[in-house]
Each structure stands twice: as structure tokens, then as C-alpha cells.
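Inspection log for the structure reproduced underneath, given as C-alpha cells.
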């Protein structure tokens, strides 16, 4: 072990411990504290000069009151459940929208595919906030969509889509679409075309060959895409706060409001800890899927 | 895959790309609208761009955002490249599992949690919030993206090249500089660009990490669009979309040319 190697490992390591791991421990600690009207607005505050005795009294003052408060209040239960529901439904819609696009890209000829690929990636580099914002002008009561529909005489009164959960679904599907298209396209593109020919030679119609061969083979891409949409959608803040209404409950928004509007830091921290717990299962499943993919490729 | 491009494929691609691009095209069109009412078309005008240029608050926010993005993406590229090298070439060391966990976790962490935790850290160590704390926050999450991009490149290239350099008497640092770095350079550059874009784009983490003294462009945009559509924001969005589009197209042309060049050289090498 020479000095350079230690320095090389220690620099990024120390950075991540200080700015990623320690902050989490602080969140966890504050989630066990009490709300107090001061800065910082919570107690007890750990005082290092009090030594071991001070540490013991500090520990004895921590408790699970915030979690008891969260489980006792309907609002938080509903927010967690509705986040799960919104994330799950929008993941399914995204899959349905994305699959034909990925399939079409994989069927296109070699000259077209780099361009199609770039067209899918380009929105990803464009500001997320702007892409969400662009829907406000389309979905609002006097917006583009309503004007077209009213102009065509399809509807008599404007559709109230803005500030509803429907708008949130549209926003999530729109912004996360590339995350679903790309992994599905990657698996479809690698697929051996002779398999389809074999299925058709053996009497499959084109549609049944798709169901029996193409779809099962693209499963790893579908799973990866679903997690890539579901995991960030669960903690989403920007989309529900810009497109959703007052009745749209999502946990990212609740956390933001607890922190910035109610200034209740201990409750905000407890909300964050529970959101993290909710995310652990999908994250582990996602990692396992990736691991399996890597092993299959080797 | 056998390619039989059907009507179904053509339709789904057309509809799909229309869905992806129409909202942005509508936004761009309305940025040239004369009327303050965003929904009524009153003729072509560039007056909102003029108003935008004279809006001090937006200009200040843009300057803050660019400063933060340049600094944080540079730090993130340095730290992320180091982290990737440690992960792929570092061998075994104490706490390796924790290290790789800390590299991958921020990629799936909701912004609200990252932001909240960093803010609580800054407050408990008594750090004054401002541009500096936003840079710290952005560096932390973008270095993880950089290290994923760089480590996938490191993992695929032939390690014997480095070993050869070491055998020929290079110090490990020289070997890294003259052999490894030129090979991973494209990944390092795309890592920097990714970190830069992530920083430009971030609203949530910056809102937590910024004190009252610093406002980034996304924070400014967010607070004005909360009240609804504004033509100035449409103009600003159009400018940002154009910059990104030009950047992405240029980058893809450059990489296409380098691939063509590489292929030509390979063919030449085969012929010789």
C-alpha cells in the first residue's frame, strides 16, 4: 500500500461518507427528535462537550413519536398509498406507450436507427422542469388541447385535466418515456431475427410469434425500464406540484411542504425515512435484475 | 433481428415522436406570440426575448446556475473518475462494499431525500448556505453518475495495455496519464457533460441546499411557473431547448466522425 493508492481511495471515499452517509444518519437522528420553535427547529441537540453522560441523556430523549404521529394521521397513509398507486399506474401506461416505439426503432433499418436513437435521447438532455412546464399550456382550461377540441366541436365545455391526477399521469409518462424506451430497445435490438423466422416457419402467425418469442425475450429490458420509471416516480416532487392539484397526494410533495411550509423538520425527516424504506424493495429487485442481465451477457 | 418495417411500426414511431416533441414545439411557437395571454395568438413577435434580456433577476440566476454547473461538474468529474478507477482497478480494500453502495445509491435516491439530508448536514455543522453549498450538493450526486459512465468504459478496455506500460518502466501515475486517460477520455468528457446538464437541471436539491442568498435558474423558473404559463418563461425555455439541441446534434456528429475515422484506420491496419 503506497501513499498514492491510499490517497486515491480515500478522497472519493471520504467525500461520499461526509456528504452522503453522514447526512442520512442526521436525517435518521432528527426523525427521532422533537419539534421545537428555534433554529434548528428540533431537540434534543447533541452537545459533544458533555461527553459520554451527555450522549446517554441525548439518547434517552430520542423516541419514535414522529413515526407514531405519522401512522396515526390519515394524511400520511393516504400519501404513501397514492404515491405507490400513481407510480405503478404511470409505469404501466409508460410501458404501453414505450413498447411500440422501441419495437418500431428495432425494426427500422440501420441507417435510420442512430437518428431515432438521438430523437429519444434528446428530450433527456432537455430541462426536466421545462418539459413538465410545457404541459401547463396544453392542459389548462384555456390551454391548447381544450381550444382545439372546442374548435372542432368535440366538446362543449373545457375538459378539466390540469390540476388533477390525470395531468400527473401524463406528466410522468411524458418525462420518463425515454427511460422505458431505451432498455426495451436495447434488448430488442440484440435479438436474433432467425428466431422469429423459425417460429413463423413452424406455423406461427406474425402476432403469435410476437407473443411467444419477441415479448418473452424482451422481458429483461421491460423489467429494467419499469424500475427506471417506478423508482423515481415514487418520490417525484416537480410533476405533482406543477401539474397536480390540491387533492393530488404524493409523498415527495408532502415532505417538501412539511419542510418548507410547516417547518416541522422532525416530521419531514420521518417522512423521508419511510419513503426510503418503501424504495428499498424495488431497488433491490432492480439490482438483482441488472446482475442477472450482466451474468447472461458474459 | 430481421427487419420488416411495417405500417404498424411507422405509425407507432410517428405517434410516439409526436408525443415527445409536440409539447416542446407548441411551447416554442407560443414564445413568439405577441399577446400576453398565452392562449390567444396575436401575431409574431420577439418582444418576450427582449424583456427576458432586460430581466435582471433571470440574468443573475443564470449566472449563478452556470457558475455552479461549471464548478460542480469539474469536481464531480475528478472525484467520479477517481471513484471509477478505485472500483474497477483498485483491487480489494477495507470497506469496498460500502464504497460501491455509496456510488450507486445516489442514482436511485429521490431528490427530496438527498436535498433534505444535505440541508440538515449543512445546518448542523453551521455552514453558511449559498453557491458553495449548492456546488457541494451537486458534486456529490453527479460524481456518482460520472463514475458509472467512466467505470463502464474502464471495465471494457484491455488491462494488458496498462500492464505493458508498467513493465516498460512507467510509474502507475505515468501509465494512467499516458495510456489509461487517453482511452477513457471520451467517457470522462461525456461524464462531465452529464454532470453539467444534471446541475443545470436540478431544482429540488438546489432549493434545499441554497440559502436565501443564492437562486438558480430552475428555482427562478419554478417560482414563476407555479402561478401559470408566462411568455417570458416560454422564451427562456426556447433558448435552453435550442442550446441543448445544437449541443446534442454536434456531439453526435463528432462521435459519428470519430467512429468513421476509427473504422477507416482499423481497415488500413488490417490491410497492412
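Chains as they are written, first to last, in this note's numbering: chain A, 142 to 439; chain B, -3 to 268.
Even glycine gets a Cβ: it sits at the ideal position worked out from N, Cα and C.
A quick note: this is a predicted structure, and the numbers were derived from the prediction, not measured.
In this structure, DSSP gives residue 183 of chain A an extended state, which the three-state scheme calls strand. Assignment of residue 29 of chain B by DSSP, reduced to helix, strand and coil, places it in the strand class. In this structure, residue 263 of chain A and residue 246 of chain B do not form a Cβ contact; the two beta carbons are roughly 12 angstroms apart against a cut-off of 8 angstroms. Using a Cβ-Cβ cut-off of 8 angstroms, residue 248 of chain A counts as an interface residue toward chain B, since at least one Cβ of chain B sits closer than that to its own. The Cβ atoms of residue 194 of chain B and residue 248 of chain B do not sit closer than 8 angstroms to each other. Among the CB atoms of chain B, one or more fall inside 8 angstroms of the CB of residue 276 of chain A. Taking a cut-off of 8 angstroms on C-beta distances, the region 117 to 131 of chain B touches the region 197 to 207 of chain B, as three or more cross pairs fall below it.
Proximity of chain B to residue 310 of chain A at the Cβ level (cut-off 9 angstroms) is not reached, the minimal Cβ distance being about 13 angstroms. Distance from the CA atom of residue 159 of chain B to the CA atom of residue 86 of chain B, rounded to whole angstroms, is 14 angstroms. Going by beta carbons, residue 370 of chain A and residue 256 of chain A fall outside the 8 angstroms limit. In this structure, the CA atom of residue 250 of chain A is about 15 angstroms from the CA atom of residue 8 of chain B. When CB distances to chain A are screened at a threshold of 7 angstroms, the residues of the region 106 to 119 of chain B falling below it are 106, 107, 108, 109, 112, 113, 114, 116, 117 and 119, in chain order. In the pairwise beta carbon analysis, the region 206 to 225 of chain B is classified as not touching the region 87 to 96 of chain B: fewer than three pairs are separated by under 8 angstroms.
Counting C-beta atoms within 10 angstroms of its own C-beta, residue 349 of chain A has fewer than 16 neighbours from the protein chains shown and is therefore classed as exposed. Against chain B, the CB of residue 397 of chain A has a partner CB under 8 angstroms away; the residue lies at that interface.
In the DSSP assignment, residue 54 of chain B is bridged to no other residue. By the neighbour-count criterion, in which a residue is buried when 16 or more other Cβ atoms sit within 10 angstroms of its Cβ, residue 176 of chain B is buried. It is roughly 5 angstroms from the alpha-carbon of residue 390 of chain A to the alpha-carbon of residue 220 of chain A. Using beta-carbon distances, residue 176 of chain A does not count as an interface residue toward chain B, since no partner is under 8 angstroms. Between residue 365 of chain A and residue 430 of chain A, the CB-CB gap stays under 8 angstroms.
According to the DSSP secondary-structure assignment, residue 40 of chain B is paired through a beta bridge with B:29. Proximity of residue 180 of chain B to chain A, defined by a Cβ-Cβ separation below 8 angstroms, is not satisfied. About 4 angstroms separates the beta carbons of residue 84 of chain B and residue 150 of chain B, which is inside the 8 angstroms limit, making them a contact pair. Using beta-carbon distances, residue 350 of chain A does not count as an interface residue toward chain B, since no partner is under 8 angstroms.
Judged by beta-carbon spacing, residue 330 of chain A lies within the 8 angstroms limit of residue 247 of chain A, meaning their Cβ atoms are closer than that value.
Taking all protein chains shown into account, residue 50 of chain B has fewer than 16 neighbouring C-beta atoms within 10 Å of its C-beta and is therefore exposed. The region 337 to 353 of chain A makes no contact with the region 413 to 424 of chain A, as fewer than three CB pairs between them are under 8 angstroms. In the assembly as shown, residue 167 of chain B is an exposed residue. Its beta-carbon has fewer than 16 other beta-carbons within 10 Å.
For residue 376 of chain A, a Cβ of chain B is located within less than 8 angstroms of the residue's own Cβ.
Within the same chain, Cβ atoms closer than 6 angstroms to the Cβ of residue 65 of chain B are found at 192, 195 and 196, the five residues on either side in sequence being excluded. The contact set of residue 168 of chain A on chain B, defined by CB atoms closer than 7 angstroms, consists of 112, 113 and 116 in chain order. Those residues of the region 280 to 307 of chain A placed with their C-beta closer than 8 angstroms to a C-beta in chain B are 281, 283, 284, 285 and 288, ordered along the chain.
According to the DSSP assignment, residue 382 of chain A belongs to the alpha helix (DSSP H) that extends over 379 to 383. Here DSSP, grouped into helix, strand and coil, assigns residue 81 of chain B to helix. The C-beta of residue 244 of chain B comes closer than 8 angstroms to at least one C-beta of chain A.
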